[in-house]
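Counting along the sequence shown from 1, when you hit position 34 you're at 34 in full-length UniProt numbering, and nothing is skipped either side. Ideal placement from N, C-alpha and C gives every residue a C-beta, glycine not left out. Only a predicted model underlies this, so the values are computations on that prediction, with no experimental measurement involved. Taking it in order: structure first as structure tokens, then the write-up.
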Amino acid sequence: RHRPIAWLGPVQSPLFKEVVALVEEGVASWGGGKPRGVPRPIRLKGAKTVSDRVSEDRQ
Numbered sequence: 001r002h003r004p005i006a007w008l009g010p011v012q013s014p015l016f017k018e019v020v021a022l023v024e025e026g027v028a029s030w031g032g033g034k035p036r037g038v039p040r041p042i043r044l045k046g047a048k049t050v051s052d053r054v055s056e057d058r059q
């Protein structure tokens, strides 16, 4: 328990080495639970939601 046993991600991920380094240094970890989010989320100006903006950016 509480030991990494596998890495799941894209085969050619450009960030793979950086993420592995953060985990090995103890800077990053994940216990398998759902992320809590931030206590005070940033408010967006206007009527668009974050998902609207992400969808537009992908187009």
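In whole angstroms, give me the CA-to-CA distance for residue 9 and residue 54.
Their backbone Cα atoms lie some 21 Å apart in a straight line.
Given this structure, state the Cα-to-Cα distance separating residue 36 from residue 28, to the nearest angstrom.
If you take the alpha carbons of residue 36 and residue 28, they lie about 15 Å apart.
In whole angstroms, give me the CA-to-CA distance for residue 47 and residue 5.
One C-alpha to the other measures close to 44 Å.
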